[in-house]
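Q: Numbered per the numbering used here, the sequence shown spans residues 3 to 353. Idealized CB from N, CA, C, for every residue including glycine. None of these values were measured; they are calculated from a predicted model.
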Amino acid sequence: MVTDVVKIDPLAPEAAVIERAAELLRRGELVVFPTETVYGLGADALQPAALAGIFAAKGRPFSDPLIVHIAEYATLEALTSSIPAAARQLAQVFWPGPLTLILPRGERVPHIVTAGMETVAVRMPSHPVARALITALGSPIAAPSANRFMHISPTTAGHALADLNGRVPLILDGGSCDVGVESTILDLSAEVPLILRPGGVSLEALRAILPTVRPPVKRETALEEQAQKAPGQLSMHYAPAIPLLLFDGSEEAMRTAMLAELRQHRERGERVGVLVADADLAAFQASDALVYTLGDAAYPAQVAARLFASLRALEEAGVQVILCRNFAAHDLGLAIRDRLGRAAGGRIIRV
Ligand code: TXA
Ligand code: MG
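Below is the structure:
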């Protein structure tokens, strides 16, 4: 299969391009499209055969359920068997946007979407291309991130092409994703609302509307056991192809420990990639490592937007190891720490 990459205006998507993509989806084919979080690999959420194609293209196990994307609140009623008051409240504030709600599954949702579970994940994206595509199709779109299974989520069309070339007929190129990390997944199917995956809507923002929201279970204490409970949330889910050492501590301590670690790898003649913040750059100037900054550590939204692209860039540059600093947990920092922790796969050095 030849994969076409077609540019589309992210703010005012061209109707002809949207119609071409919608027609492919109607015929049961797959289309990669931009959302405000990451690129999605979409299929018509009501066509089971098309949905099977998603799992084949990604190399993803059927045990990992999909998020259903909608463009209008009214569609939620068709996808769920009941809508708790909390869902209405949260949707009013955070939709369209990077929040996914886990709700009781409606009868029309195919089992392949929910991995056989009685809950369904629903989100209303804010990206104009995603919204236009769902509307043109006239059906909700099921879409995981448009990467091969276990790889880093794509934040550009180029990333999606690198992973899915020859596996999908069409990639809509709407430029870089603004948020840069995936949506926050909030489980509203149980008594206490629980974050299953921190993401583009912060814990603080959710609590301002729903004070009972519980933060995600700490990875350090849960790890693999928790992975079994939230399908698809394997701790290695976001792993780059090369080892990543994550340093966690005060800015000064992280810098010192990273410089020491860097020296050791250089003495062995290894090519080293370094991921830091703007304020750390000077300390690494004299080193011959490949040094990338994720931006100003005081602005987690900026760091989140650059995170996945930087990991992919270091991967492509062929470094043998990545040394990365950690970031504070406030705001989008919770999602950043989660993704870096997964990328490190347990290789966390507390300093
Ligand atoms: O920002 C995002 O959420 C992106 C864009 C494309 O919308 N999508 C995304 O999808 O990240 P994916 O498939 O890569 O991650 C969705 C995760 C799954 O791994 C699964 O753990 C969880 O959502 N999920 C889906 N349905 C669920 C359910 N019924 N219960 C618990 N977790 C669910
Ligand atoms: Mg994913």
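1. Looking at the secondary structure, which residues open and close the beta strand (DSSP E) in which Val278 lies?
2. First and last residue of the beta strand (DSSP E) that includes Phe249?
3. When you compare each of Glu120, Thr77, Leu27 to Ala45 by their alpha carbons, which one comes out closest?
4. Flag Thr121 as yes when its Cβ comes closer than 7 Å to any non-hydrogen atom of the ligand TXA, and as no otherwise.
5. Taking the alpha carbon of Thr37 as the reference point, which residue from Pro98, Arg273, His332, Val215 has its own alpha carbon closest?
6. Three or more C-beta pairs under 8 Å: does that hold for the segment 311 to 331 against the segment 272 to 288?
7. Take Arg352 and list the residues in its own chain whose beta-carbon comes closer than 7 Å to its own, dropping the five residues that flank it on each side.
8. How big is the Cα-Cα spacing for Gly275 and Leu316?
9. To the nearest angstrom, how far is it from the Cα of Gln228 to the Cα of Ala18?
10. Is the segment 84 to 102 touching the segment 178 to 193, taking contact as three or more C-beta pairs under 8 Å?
11. Tell me whether the segment 254 to 274 and the segment 305 to 325 touch, counting them as touching only if at least three CB pairs, one residue from each stretch, are closer than 8 Å.
12. Going by DSSP, name the residue or residues bridged to Ile10.
13. Run through DSSP, which three-state label would Glu226 get?
14. Run the CB neighbour count on Asn149, radius 10 Å, all protein chains shown included, and call it buried at 16 or more, exposed below.
15. Extract the residue ranges of the alpha helix (DSSP H) inside the segment 130 to 163, only unbroken runs of 4 or more that lie entirely within it.
16. Excluding sequence positions up to five away, which residues of its chain have a Cβ less than 7 Å from the Cβ of Gln230?
A: Walking through what the data contain:
1. Looking up residue 278 in the sequence shown gives position 276. For Val278, the uninterrupted beta strand (DSSP E) segment begins and ends at 274 to 278.
2. Position 247 of the sequence shown holds residue 249. That run of the beta strand (DSSP E) goes 246 to 250.
3. Against the sequence shown, residue 45 aligns to sequence position 43. Minimum Cα distance to Ala45 is reached at Leu27.
4. Along the sequence shown, one-based indexing puts residue 121 at 119. Within the cutoff, so yes.
5. Position 35 of the sequence shown holds residue 37. Taking each of Pro98, Arg273, His332, Val215 in turn and checking the Cα distance to Thr37, the smallest one comes out for Pro98.
6. Judged by Cβ distances under 8 Å, the segment 311 to 331 makes contact with the segment 272 to 288, as three or more pairs qualify.
7. Reading the sequence shown from its first residue, position 350 is the one you call residue 352. Correct list, in chain order: Asp250, Gly251.
8. The residue labelled residue 275 in the question sits at position 273 within the sequence shown. The residue labelled residue 316 in the question sits at position 314 within the sequence shown. If I take the Cα positions, the gap works out to 6 Å.
9. For the purposes of this step, residue 228 is taken as the residue at position 226 of the sequence shown. For the purposes of this step, residue 18 is taken as the residue at position 16 of the sequence shown. The pLDDT assigned to Gln228 is 43, lower than 50, so where the model puts this residue is not dependable; a value taken from the coordinates is nonetheless given after this. Roughly 44 Å between the two C-alpha positions.
10. They touch, by the three-pair rule.
11. Yes, the segment 254 to 274 is in contact with the segment 305 to 325.
12. Here the question's residue 10 lines up with position 8 in the sequence shown. Note: Ile10 is not bridge-paired with any residue in the DSSP secondary-structure output.
13. As a position in the sequence shown, residue 226 is number 224, starting the count at 1. Unreliable positioning characterises Glu226 in this predicted model, as indicated by a pLDDT of 45, which lies under 50. A coordinate reading is not provided.
14. Within the sequence shown, residue 149 is the residue found at index 147, counting from 1. Asn149 should be labelled buried.
15. With a minimum length of 4 residues, the continuous alpha helix (DSSP H) runs that stay inside the segment 130 to 163 are 130 to 139.
16. Here residue 230 refers to the residue found at position 228 when the sequence shown is read from its first residue. Its pLDDT being 47, under 50, Gln230 is placed unreliably in this model, and the coordinates cannot settle the point.
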